[in-house]
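This report refers to the structure that appears directly beneath it.
Set out below in structure tokens:
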């Protein structure tokens, strides 16, 4: 049970981090082009 929950949290953290990175990159590109 514990391992499964920890794995879920890890996946969520990875999704959040990649989402933040993608958001920053997109925002940077938009700032550059506009």
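Residue numbers (the numbering used here): 1246 to 1279.
In this text, a Cβ means the ideal position worked out from N, Cα and C, and glycines have one as well.
At the level of alpha carbons, what is the spacing between residue 1274 and residue 1261? 20 Å
Could you give the residue range of the alpha helix (DSSP H) that holds residue 1263? DSSP places residue 1263 inside the alpha helix (DSSP H), whose first and last residues are 1247-1278.
Please report the distance separating the alpha-carbon of residue 1270 from that of residue 1256. 21 Å
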